[in-house]
Amino acid sequence: MSAQEKNVKKILIRSLASIVIVFVAAWSFSLLYEGNKLRLLDKFDKQAEENSSLKPFHKLHFQAKLDCSACHEGGVKENQPIAKSKEGDCFICHEKMKEKVKVPDNTDCKACHTKPVTW
Ligand code: HEC
Ligand code: HEC
Ligand code: HEC
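Structure below.
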C-alpha cells in the first residue's frame, strides 16, 4: 500500500469514527431530553391531581401527541395562569377518535373524575 493510500485510509477511518461519535452523542442527548419531558409530565400530573377532581392524563395524551392547547385554551406558557380544561373539549375529540383508539365513554364519569360527581 502506498503512503497516499494509507493516508486516505486513515482519513476514512477518522471520519467514520467521528460520524459514530456524533451519532452516539446526539442519541444520548435525545434520550436525556425525552426522559426530562416524561419527568415534567409526571409533575404536571401530580399538580393536576392535587388541584382538581380529574385524574391525571398528561403522559397518555402526550403519547397521543396532543398539544397542550388541546385542553388548556391558549396553551401553557411560563409564568402565566393555565386555563382550566373544558369537559366539552374532551368529549368532542373523543367522539371523533373513538373509532380508532380506546377513549373513555362520555358517560363513564369515573374514567375522568376521581371524586364522585353529582349532577
Ligand atoms: C388531555 C388534556 C390535557 C392536555 C393535552 C394537557 N393537559 Fe394539563 N391538565 C389537564 C387537566 C384535566 C388538568 C387539571 C386541571 C384542569 O381542569 O385543567 C391539567 C392540569 C395541568 C397543570 C396543573 C394546573 C394547576 O392549576 O395547578 C399543569 C401545570 C398542566 N396541566 C400542564 C400541561 C402542559 C405543559 C401540557 C402540554 C404539554 C398539558 N398540560 C396538556 C389536561 C390536559
Ligand atoms: C384532541 C383530542 C383529545 C382531547 C382534547 C382529549 N383527549 Fe383524551 N384521549 C385522546 C386519545 C387519542 C386517547 C387515546 C390515547 C391512547 O390510548 O393512545 C385518549 C384517551 C383518554 C383516556 C384513557 C382511555 C383509556 O381507557 O385508556 C382518558 C381517561 C382521557 N382521554 C381523558 C381526557 C380528558 C379528561 C380530556 C379533557 C381534559 C381529554 N381526554 C381530552 C384524545 C383526546
Ligand atoms: C373525558 C373525561 C370526562 C368524562 C368522561 C366526564 N367528565 Fe365531567 N368534567 C371533565 C372535565 C375536563 C371537566 C372540567 C374541568 C373541571 O371542572 O375540573 C368536567 C366537569 C364536570 C363537572 C363540573 C365540575 C365543576 O367542578 O365545575 C361536573 C358536575 C361533571 N363534570 C360531571 C360529570 C359526570 C356526571 C360524568 C359522567 C356522566 C362526567 N362528568 C364525565 C371531564 C370528564
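For the sequence shown, the numbering used here assigns the number 250 to the initial residue and increments by one for each residue that follows.
By construction, the Cβ of each residue, glycine as well, lies at the ideal position given by its N, Cα and C atoms.
All values derive from a computational prediction rather than experimental measurement.
- Each residue's CA atom was taken as its position, placing residue 261 and residue 267 some 10 angstroms apart.
- Residue 362 carries a strand assignment under DSSP once its states are collapsed to helix, strand and coil.
- Between residue 361 and residue 339, the C-beta spacing is below 8 angstroms.
- Cβ contact annotation for residue 293 (same chain, cutoff 6 angstroms, sequence separation greater than five): 307, in chain order.
- For residue 350, the shortest separation between its Cβ and any heavy atom of ligand 1 does not lie below 7 angstroms.
- Secondary structure of residue 315 (DSSP, three-state): coil.
- Between residue 321 and residue 301 the beta-carbon gap is near 12 angstroms, outside 8 angstroms, which marks them as no contact.
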